[in-house]
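Those protein sequences? They're chains A and B, same order as listed.
What the first sequence shows, in my numbering, is residues 1 to 512, in sequence order.
What the second sequence shows, in my numbering, is residues 513 to 1024, in sequence order.
Worksheet: one structure, shown below.
There are 2 protein chains.
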Amino acid sequence: MIKAQNLVAGQWQDNLKASTFYTLNPITNKPLPTQFQEASSSQIHDALIKASTIYESYASTSFKVRIEFLQSIQKELNKSSNDILKTYQEESALPSPRAEGEFQRTIDQIQRYIELLEEGTFIQPKINTSGPDLRKILYPIGPIAVFGASNFPLAFSTAGGDTISVLASGCPLIVKAHPYHAGTSALVAEAILKAISYCGLPKEIFSHLGGVSHRIGGELVSHPLLKGVGFTGSLSGGKALYDLSQKREEPIPVFAEMGSVNPILITEKRLLTDKNLSETLANSIAQGTGQFCTNPGMIILCDPQGISKITSKVIDHLSKMILPPMVHINIEKNYLLQLDKLQENEAVKLVRTSSSNSAIGVVSAEDVLKNKKLTEEIFGPFSLFVECKSMNQLKDLVKIIPGQLTATILAHKDDHSELVPLVTQLKNKVGRLLFEGVPTGVAVNQAMQHGGPYPASTDGRYTSIGTDAIYRWLRPITFQDCPNTLLPPILQNENPLKIYRLINGQLTKDTL
Amino acid sequence: MIKAQNLVAGQWQDNLKASTFYTLNPITNKPLPTQFQEASSSQIHDALIKASTIYESYASTSFKVRIEFLQSIQKELNKSSNDILKTYQEESALPSPRAEGEFQRTIDQIQRYIELLEEGTFIQPKINTSGPDLRKILYPIGPIAVFGASNFPLAFSTAGGDTISVLASGCPLIVKAHPYHAGTSALVAEAILKAISYCGLPKEIFSHLGGVSHRIGGELVSHPLLKGVGFTGSLSGGKALYDLSQKREEPIPVFAEMGSVNPILITEKRLLTDKNLSETLANSIAQGTGQFCTNPGMIILCDPQGISKITSKVIDHLSKMILPPMVHINIEKNYLLQLDKLQENEAVKLVRTSSSNSAIGVVSAEDVLKNKKLTEEIFGPFSLFVECKSMNQLKDLVKIIPGQLTATILAHKDDHSELVPLVTQLKNKVGRLLFEGVPTGVAVNQAMQHGGPYPASTDGRYTSIGTDAIYRWLRPITFQDCPNTLLPPILQNENPLKIYRLINGQLTKDTL
């Protein structure tokens, strides 16, 4: 049963006066049956007040308690998987393998945080006894709001990477569910709530608020008791939340992962020798109907002969693919509007497929240098092929490309020695630099970086994928000459958790 | 010879049209001889353009090169120590032992960064080969501006903790020297410049700009090529720079370490048994004529009988101390103005000493709860003693105290079991929580945290003292499937620097 209400500090609260909304099936564009309630201002306030009251108690829970909680969330998700997957597909129209893959990825992401808590050193205990007795540790910063992403109803929504990083860190969580998959989110919220009950944790650590109005996000981010924000979505949405967060009496961090065209640079030799290239590119452009943050929106070549060959092959491949609709009619409308605008630009040769909404554009680097707007993301199954006349022009082009989540250099072995200046230049633009494969598909481990210089993210010093994402919600605190019994267990002389600690500069599991 | 000019991208640039200013001797309040030039807009622009051009080359320097550079700065500072100390004392009126102590601290801080670079793991190399080959490392973010602090002409100015953390990180540095000790700063800048020349580094990595006008800081922080800011000073100054940084097209991080009253809570039993307490407190209040960011500006007691005894003793001690003047007449004027304002407040009993400008106030917690302004810092040799009627009132008081660099609980052993709720509450307010001693005096090591929740700092997740300060200027970048020769040496298969790397979750010095 999908809850139509808002979950406020662990209570499903009915509000008969609430504005309501429906989710759509993207295939039929017909509304699905549940009439969802928008969160009211008082519900938002209530969620924050209660989260703030319970914060210290949740922040002090042991890793063991949090591990059991995360395992319990996994169990409850698995128990409800049939309902969740059914609603996921109704609301997103994403195909079954994607739904199941994303569900498994969600479970796996939770597993990574369980392992992180089991190992424990992420909390960075540092002890120095050379002068005063100083013991430093990371500590949760307070109630955090996470905005569900439209493009990942599971892996970046209610029990997604962002939210689990919050719960693992010891911070109370307020989810602003994405209205395009409110049903999926409500089912996942119910699973989290069951896990909270099962573990006997205070229910106030979790709220799940819905709505289509920007008011809700605005009120959340402006609430004086909120301490941080996670967001994945558009540049305009992320920047609006960021600006609100800076207008508060106490500014708070907003980690917004926003737009990116994830440029792919292909050398002449690579173009000549890589027979699968056009198919690889087409698959990456079309993946998830182009709704990946790491979708390759710009493909750059220095080879005038090559470009027409590769674009015609890519179009051939795209034309053979039947893509599901985008996850919501509004996203699709916006995508098609952007394509229409691009078509009006005489500098761009736009080629659309008849099989679906996929398309490519072809433009000279000269024209991109004249019109920087062409470096902006068009969210959907589209890529702009850019033709450079020379390496110098390529360098000029890279110079004007704004901060990116990723860039990819596809070269031939013989090119490597010539790539050094380009690598140096691109390093300053991206969070992840690839030399093989395509940027879509993001491995979840500690060596991953998902977040780049602005405007790819609001703070490129953090990642939103991989367990390092937990550092967004922690800050250091030092205890000086603290009685052993008053210290957090991890810092106590006996090292009761038996984890690695940096004692006077040496990493050790020793007691003191 | 003190340079009156600005050092722009490694060149002392004379500007005969510049506005000029002098430093004062705080004892005589007479100007010192050097007529300093204010940095012009074009000099600021020039410094940024050149820093940005050289950034990639400096960012790519090896740790070995940076270690030699830092050692060379130490040598040049030592060579000029006589001149530096003479000018330091003329400009600050701080006594000889303080001058020498701060000089040595400055050298020692540089040594900590040398050790950090020698050890190398701070750069956090993480390698994962389970899926695609992912190799992550921290990388310098770009040109950084650091504002010299008025209260530490050496340790938090041109070659201070903030600036050395920038140079050690691999970022180019633009110092905005504090106008109150422009001569000391110019001599230190010359030492850094000599070290750059000696090491054959590009001179563009360092600029040293002076002036009294707010225009200079504003233009620096607003310059599109700047990537981050370090600041130590007042809440109004830090917040102004922060707000400017957020109005830019690309927002950048500003690490401002601002006001703090560093409350000390004293239990009844401690008051009864600690015979040195009043002297310890008086020394801490008077240290550096009250010009420490960790100065105890608020002392809280739950003991109505005790408070009059301790305050009279503290005043006795303060009365016996002859304090040097504050580092600048403007700071002193501002301090005295704040005392005068406080004297008008009928709720506060203000006691001034006749020996110097030191003073204390006494007020009830009830009145502080009514007037939150009383929790704001009065920068100088002053502390406000606050009397609580009960533990509940103490809790209410702690609730309204804003974010702090430190808080101190001075208790008796028998009190410890009762302190748990207070410790929990205070943890959320501070960067460092002390249980013995006084907050003044900040050890420089990896277990130190100097930075607290807003408004103590703009970003409590970072420290400005201790080598962890380097993390403000680094962001992660991941290389995916990168040819070994194109990787930064630290990530190459051979582990040429032989440092610890996290490979597939295991910390090891192994090769791949």
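Note that the Cβ used here is the ideal one computed from N, Cα and C, for glycine as well.
Can you name the residues of chain A whose CB is closer than 9 Å to the CB of B:Glu762?
Indexing the second sequence from 1 puts residue 762 of chain B at position 250. When 9 Å is used as the limit between beta carbons, B:Glu762 is near these residues of chain A: Pro402, Gly403, Pro453, Tyr454 and Pro455, in chain order.
Determine, for B:Cys994, whether the minimum Cβ-Cβ distance to residues of chain A falls below 8 Å.
The residue you call residue 994 of chain B lines up with position 482 of the second sequence. Chain A contact via Cβ: present.
Select from B:Ala671, B:Asn541, B:Thr546 and B:His720 the residue whose C-alpha is nearest the C-alpha of B:Thr532.
For the purposes of this step, residue 532 of chain B is taken as residue 20 along the second sequence, with counting starting at 1. That would be B:Thr546, whose Cα lies nearest to the Cα of B:Thr532.
For chain B, find out if any of its Cβ atoms is closer than 8 Å to the Cβ of A:Lys126; answer yes or no.
Residue numbering aside, residue 126 of chain A sits at position 126 when the first sequence is read from its first letter. For A:Lys126, the answer is yes, since a Cβ of chain B falls inside 8 Å of its Cβ.
Contact with chain B by A:Gly217, beta-carbon distance below 8 Å:
Residue numbering aside, residue 217 of chain A sits at position 217 when the first sequence is read from its first letter. Chain B, which has no Cβ nearer than 8 Å to the Cβ of A:Gly217, makes this no.
Helix, strand or coil for A:Val212? Go by DSSP, reduced to three states.
Counting from 1 along the first sequence, the entry for residue 212 of chain A is found at position 212. In the structure shown, A:Val212 sits in coil (DSSP, three-state: anything other than H, G, I, E or B).
Using a C-beta to C-beta distance shorter than 9 Å, which residues of chain A count as neighbours of B:Ser642?
Counted from its first residue, the second sequence places residue 642 of chain B at position 130. Under the 9 Å cutoff, chain A gives Ala443 and Asn445.
Buried or exposed (CB count within 10 angstroms, at least 16 for buried), A:Thr232
For the purposes of this step, residue 232 of chain A is identified with residue 232 of the first sequence, where counting begins at 1. Here A:Thr232 is buried. Its C-beta has 16 or more other C-beta atoms within 10 Å.
For A:Ser60, go through chain B and note every residue whose CB falls closer than 8 Å to its CB, in chain order.
Taking the first sequence and counting its residues from 1, the one referred to as residue 60 of chain A is at position 60. Chain B residues near A:Ser60: Thr936.
Which first and last residues belong to the alpha helix (DSSP H) in which A:Pro304 is found?
To locate residue 304 of chain A, count along the first sequence from 1; it is residue 304. Secondary structure note for A:Pro304: its alpha helix (DSSP H) is the uninterrupted segment Pro304 to Lys320.
Any residues in the stretch 137–165 of chain A with a beta carbon nearer than 8 Å to a beta carbon of chain B? Which ones, in chain order?
Residues passing the 8 Å Cβ filter: Tyr139, Ile141 and Gly142.
If you draw a straight line from the alpha carbon of B:Lys821 to that of B:Ile834, how long is it in whole angstroms?
Locating residue 821 of chain B in the second sequence gives position 309, counting from the first residue. Locating residue 834 of chain B in the second sequence gives position 322, counting from the first residue. If you draw a straight line from the Cα of B:Lys821 to the Cα of B:Ile834, it comes to about 23 Å.
Residues within the stretch 314–345 of chain A neighbouring chain B, beta-carbon criterion of under 7 Å:
Flagged: no residues at all.
For B:Leu793 and B:Pro808, which I take to be in contact (beta-carbon distance under 8 Å), what is that distance rounded to the nearest angstrom?
Reading the second sequence from its first residue, position 281 is the one you call residue 793 of chain B. Reading the second sequence from its first residue, position 296 is the one you call residue 808 of chain B. 7 Å between Cβ atoms; contact.
Is there a C-beta anywhere in chain B that falls below 8 Å from the one on A:Leu384?
For the purposes of this step, residue 384 of chain A is taken as the residue at position 384 of the first sequence. Taking 8 Å as the threshold, the shortest C-beta distance from A:Leu384 to chain B does not fall below it.
Output the distance between the C-alpha atoms of A:Asp316 and A:Ile360, rounded to the nearest integer angstrom.
Here residue 316 of chain A refers to the residue found at position 316 of the first sequence. Here residue 360 of chain A refers to the residue found at position 360 of the first sequence. Distance between the alpha carbons of A:Asp316 and A:Ile360: 11 Å.
For B:Ile717 versus B:Leu685, is the C-beta spacing smaller than 8 Å?
Reading the second sequence from its first residue, position 205 is the one you call residue 717 of chain B. Reading the second sequence from its first residue, position 173 is the one you call residue 685 of chain B. Contact: yes.
Name, please, each residue of chain A whose Cβ falls closer than 9 Å to the Cβ of B:Pro1008.
Counted from its first residue, the second sequence places residue 1008 of chain B at position 496. Neighbours of B:Pro1008 across chain A, judged by C-beta separation under 9 Å, do not exist; the nearest C-beta is about 17 Å away.
At least one CB of chain B closer than 8 Å to the CB of A:Glu436: is that the case?
On the first sequence, position 436 is the one that residue 436 of chain A refers to. For A:Glu436, the nearest beta carbon of chain B is closer than 8 Å to its own beta carbon.
Note down, one range per segment and in chain order, each beta strand (DSSP E) of at least 3 residues found wholly within the stretch 352–404 of chain A.
Listed in chain order, the complete beta strand (DSSP E) runs (minimum 3 residues) inside the stretch 352–404 of chain A are 359–364 and 382–387.
Where does A:Gly233 sit, in a helix, a strand or coil, going by DSSP?
In the first sequence, the residue the question calls residue 233 of chain A occupies position 233. A:Gly233: coil per DSSP, three-state reduction.
If you compare alpha carbons, which of B:Lys1021, B:Val766 and B:Ser748 is closest to B:Ser734?
Taking the second sequence and counting its residues from 1, one reaches residue 734 of chain B at position 222. Closest option to B:Ser734, Cα to Cα, is B:Val766.
Is any beta-carbon of chain A found at less than 8 Å from that of B:His735?
For the purposes of this step, residue 735 of chain B is taken as the residue at position 223 of the second sequence. Interface criterion not met: the Cβ of B:His735 is under 8 Å from no Cβ in chain A.
Roughly how many angstroms separate the alpha carbons of B:Ser677 and B:Ala661, rounded to a whole number?
As a working mapping, residue 677 of chain B is identified with position 165 in the second sequence. As a working mapping, residue 661 of chain B is identified with position 149 in the second sequence. Distance between the alpha carbons of B:Ser677 and B:Ala661: 15 Å.
Smallest Cα separation from A:Lys194: which of A:Lys269, A:Gly228, A:Leu235 and A:Leu7?
Counted from its first residue, the first sequence places residue 194 of chain A at position 194. The option with the nearest alpha carbon to A:Lys194 is A:Leu7.
At a CB distance below 9 Å, what residues from the stretch 681–692 of chain B approach chain A? Give them in sequence order.
Taking 9 Å as the Cβ-Cβ cut-off against chain A, none of the residues of the stretch 681–692 of chain B qualify.
Run through the DSSP bridge pairs and tell me what B:Leu519 is partnered with.
As a first step, residue 519 of chain B is located in the second sequence; it is residue number 7 there, counting from the start. Answer is B:Trp524 and B:His720.
Assumed close pair B:Gly750, B:Ala768 - CB separation to whole angstroms, cut-off 8 Å:
Position 238 of the second sequence holds residue 750 of chain B. Position 256 of the second sequence holds residue 768 of chain B. Sure, about 3 Å apart at Cβ, within 8 Å.
The stretch 190–210 of chain A: positions lying closer than 9 Å to chain B by Cβ
Listed by position, the residues of the stretch 190–210 of chain A near chain B (Cβ gap below 9 Å) amount to none.
Just to check my reading of the structure: A:His416 and B:Pro995 have Cβ atoms closer than 8 Å, yes? What is that Cβ distance to the nearest angstrom?
Stepping through the first sequence from its first residue, residue 416 of chain A is reached at position 416. Stepping through the second sequence from its first residue, residue 995 of chain B is reached at position 483. Going by Cβ atoms, the distance from A:His416 to B:Pro995 rounds to 5 Å, so yes, they are a contact pair.
Between the alpha carbons of B:Glu889 and B:Ala859, how many angstroms are there, rounded?
The count along the second sequence starts at 1 and reaches residue 889 of chain B at position 377. The count along the second sequence starts at 1 and reaches residue 859 of chain B at position 347. Just so you know, the alpha carbons of B:Glu889 and B:Ala859 end up roughly 17 Å apart.
Say whether the stretch 848–868 of chain B touches the stretch 778–790 of chain B, bearing in mind that this needs 3 or more beta-carbon pairs closer than 8 Å, one atom from each stretch.
The way I'd put it, the stretch 848–868 of chain B doesn't touch the stretch 778–790 of chain B; fewer than three beta-carbon pairs between them come closer than 8 Å.
Exposed or buried, which one is B:Asn594 when buried takes at least 16 other CB atoms within 10 Å?
Indexing the second sequence from 1 puts residue 594 of chain B at position 82. Under this definition B:Asn594 is an exposed residue.
If you measure beta-carbon to beta-carbon, which residues of the stretch 39–56 of chain A are closer than 9 Å to chain B?
Correct list: Tyr55 and Glu56.
6 Å Cβ shell around B:Ile841 - same chain, five flanking residues per side excluded
As a first step, residue 841 of chain B must be located in the second sequence, where it is residue number 329. Within the same chain, Cβ atoms closer than 6 Å to the Cβ of B:Ile841 are found at Asn541, the five residues on either side in sequence being excluded.
Taking all protein chains shown into account, decide if A:Glu90 is buried (16 or more other Cβ within 10 angstroms of its Cβ) or exposed.
As a position in the first sequence, residue 90 of chain A is number 90, starting the count at 1. Residue environment: A:Glu90 is assigned as buried (16 or more neighbouring CB atoms within 10 Å of its CB, all protein chains considered).
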